[in-house]
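Peer 1: Chains as they are written, first to last, in my numbering: chain A, 1 to 248; chain B, 1001 to 1217.
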Amino acid sequence: MVRPVIQVHGLRKNFGDNPVLRGVSMDVSPGETVVIIGASGSGKTTFLRCLNRLEDPTDGLVRLDGEVVGASVSEKQVAAQISQFGFVFQRFNLFPHLAARDNVAIGPEKVRGLSRSDAQALAEQELARVHMQDHKDKRPSELSGGQQQRVAIARALAMKPRVMLFDEPTSALDPELVQEVLDVMKDLAKDGMTMVVVTHEMSFARDVADRVIYMEDGVIAEEGPPDQLFGAPKTAGAQRFLRHLSHD
Amino acid sequence: MKIDWDIVLQSIPLLAEGVIVTLQVSAVSAVLGLALGVALGLGALSRNRVTRWVVAAYVDFIRGTPLLIQIFLVFFALPMIGIRFDEFSAGVVALSLNAAAFVAEVVRGGVGAIERGQSEAAKAIGMRHRQLLVYILLPQAYRQMVPPLTNELISLVKNSSLLSVISVYELTRAGQAIISVHFVPFEIYTLLALYYYVLIKALSWLSVQLERRLPTW
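This is the structure in structure tokens:
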């Protein structure tokens, strides 16, 4: 059996006295697309943010390719490890002072140490992958939300990550811009990228996910292939959550 | 009351000499204060707790004591421990040390006002703290820092009038010298106010021009 790309063991996170994650364990296999669903406050975003240390877990371990994330004392080594998680934010968080191409190139150049020309060339490749090559000289403020999010995906991809994490990547988008982002994500999944996606887009979960995880109150309440979880959810919580969604 | 126009006309060129010293002392102090202030501001943003504490204590001391006392400390107290300056240098040192604390606050506040998503995005692509500051936060912050830095520069120019008490022959001291000979406080203090007002207006105008030339996004 192949070693999982990510192994999570007993992840806990408290914000003050408030336990948001109460012991989450899971593995993600190479090339797998895992979709995490759940009501707001269920801990799914916090879980994702604990994987690449945007939050420091209160307890538990995350391994990437077998190595514990954040275990090194050297800031440089931890940063290098974190860069192996491509993270896509709900609100894009592009660097507003940089053109699209420089948003993508700055990581390869400053973090991976590529030459400026190599980093720029790589950035153009990654922008082409998300169909943004024609907008490479524009600043984020000149781009639509969907375009910004695609640049943000390219920025993450340019770090050659082992896994891509998506935190509600289409929640901040106008409805007509959602599909272009989902299409890019579908292509990535098809190309064999390992992905963990927190989303409310159930059609995406149905079509693309290898496995769906339903989170509730900071734990994994139920998981399974999409057909099973959407077709015949076992837990009352998942049933209720999915019923509410279908009424939207 | 009768205005002594002869004194006014004689004083205009005499005070202009004082303006030159005011500009000199302000310019040197502004450059030194800006350099030290940026360094302190970066210290305030450091990940090292001791560094942050030292900067915070320094800023607290400068803000918590009158500039006049700081000038006296530099000019009268430091010589007691063997550090001696001439009047001009003492003035520059005092104004620079004072301005640096306020500049540090501007830098810290400017960087702190950048939304957290920017730091998170930089961290997610593997940037270390120093890279985050240099490539992401400072380039975004410096534009917002120009207006408050202008205010600090204006304060510095006005504050330089306090150097008259340690006999730096700047604008205010030049005016006092005329008053002590001719006893014309109304004419001279009015003229001084006008001189300072024009100086400050010119600085404000320059600052607006600079702001217009800064990139937007």
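Ideal Cβ positions, reconstructed from N, Cα and C, are used throughout, including at glycine.
By DSSP, does A/Q7 sit in helix, in strand, or in coil?
Peer 2: A/Q7: strand per DSSP, three-state reduction.
Peer 1: Please confirm whether A/A80 has its beta-carbon closer than 8 Å to some beta-carbon of chain B.
Peer 2: For A/A80, the answer is yes, since a Cβ of chain B falls inside 8 Å of its Cβ.
Peer 1: Measure the beta-carbon distance from A/V34 to A/V196 and round it to whole angstroms, keeping in mind my assumption that it falls under 8 Å.
Peer 2: About 5 Å separates the two Cβ atoms, so the contact holds.
Peer 1: Can you have a look at A/K136 and say buried or exposed, based on whether 16 or more other CB atoms are within 10 angstroms of its CB?
Peer 2: It is buried - the Cβ of A/K136 has at least 16 other Cβ atoms within 10 Å.
Peer 1: Give a yes or no on whether 8 Å exceeds the smallest Cβ distance from A/I36 to chain B.
Peer 2: Cβ-Cβ to chain B under 8 Å: no for A/I36.
Peer 1: Is the number of C-beta pairs between the region 1066-1086 of chain B and the region 1164-1176 of chain B that are closer than 8 Å three or more?
Peer 2: Contact between the region 1066-1086 of chain B and the region 1164-1176 of chain B is present, because at least three Cβ pairs lie under 8 Å.
Peer 1: Mapping DSSP to helix, strand and coil, what is B/M1127?
Peer 2: Three-state DSSP puts B/M1127 in coil, outside helix and strand.
Peer 1: Please tell me whether B/M1219 has its Cβ less than 8 Å away from any Cβ of chain A.
Peer 2: Residue 1219 of chain B is absent from the model: chain B starts at 1001 and stops at 1217.
Peer 1: Let me make sure I understand the geometry here. Which of B/T1022, B/Y1058 and B/V1028 has the alpha-carbon closest to that of B/A1039?
Peer 2: For B/A1039, the nearest C-alpha among the options comes from B/Y1058.
Peer 1: If I'm right that A/Q133 touches A/L127 with Cβ under 8 Å, what's the distance once you round it to whole angstroms?
Peer 2: Sure, about 5 Å apart at Cβ, within 8 Å.
Peer 1: Based on Cα-Cα distance, which residue from A/A205, A/V62 and A/R155 lies nearest to A/Q228?
Peer 2: Considering only alpha carbons, the answer is A/A205.
Peer 1: Since B/Y1135 meets chain A, which of its residues come closer than 7 Å, beta carbon to beta carbon?
Peer 2: Residues of chain A passing the Cβ test: I106 and K110.
Peer 1: Within 10 angstroms of its Cβ, does A/G38 collect 16 or more other Cβ (buried), or is it exposed?
Peer 2: It counts as buried.
Peer 1: Under DSSP, the alpha helix (DSSP H) around B/L1151 begins and ends at which residues?
Peer 2: For the sequence presented, residue 1151 of chain B should be read as Asn rather than Leu. Its alpha helix (DSSP H) spans residues L1138 to N1159.
Peer 1: Taking Cβ positions, are A/L188 and A/M164 nearer each other than 8 Å?
Peer 2: Yes, Cβ-Cβ distance for A/L188 and A/M164 is below 8 Å.
Peer 1: Based on Cα-Cα distance, which residue from A/G10, A/A152, A/D118 and A/E109 lies nearest to A/V20?
Peer 2: Considering only alpha carbons, the answer is A/G10.
Peer 1: Among the residues of its own chain, which have a CB less than 8 Å from the CB of B/K1123, if the five just before and after it don't count?
Peer 2: So the list reads L1132, once near-sequence residues are dropped.
Peer 1: By the DSSP assignment, the beta strand (DSSP E) with A/T33 in it spans what residues?
Peer 2: Counting along the chain, the beta strand (DSSP E) containing A/T33 begins and ends at T33 to I37.
Peer 1: Between which two residues does the beta strand (DSSP E) harbouring A/N18 extend?
Peer 2: Here the beta strand (DSSP E) through A/N18 covers N18 to V28.
Peer 1: Listing by chain order, which chain A residues have their CB less than 9 Å from the CB of B/E1120?
Peer 2: Those are R49, L54, F87, F89 and N93, listed as they occur along chain A.
Peer 1: Helix or strand or just coil, what does DSSP make of A/F92?
Peer 2: The answer is coil: DSSP assigns A/F92 none of H, G, I, E or B.
Peer 1: Can you find a CB in chain B that lies within less than 8 Å of the CB of A/M132?
Peer 2: No, A/M132 does not count as interfacial toward chain B.
Peer 1: Write down the C-beta distance between B/D1004 and B/E1187 rounded to the nearest angstrom, noting that I regard them as a contact closer than 8 Å.
Peer 2: Sure, about 6 Å apart at Cβ, within 8 Å.
Peer 1: How about A/D167 and A/Q84: are their beta carbons less than 8 Å apart?
Peer 2: No, Cβ-Cβ distance for A/D167 and A/Q84 is not below 8 Å.
Peer 1: Kindly indicate if chain A contains any beta-carbon less than 8 Å away from that of B/G1117.
Peer 2: It does: the Cβ of B/G1117 has a partner Cβ on chain A nearer than 8 Å.
Peer 1: With a threshold of 8 Å on Cβ separation, who are the neighbours of A/M52 within its own chain once the five nearest residues in sequence on each side are excluded?
Peer 2: A quick correction: the sequence has Asn, not Met, at residue 52 of chain A. V69, I82, F85, F87 and L165, listed in sequence order.
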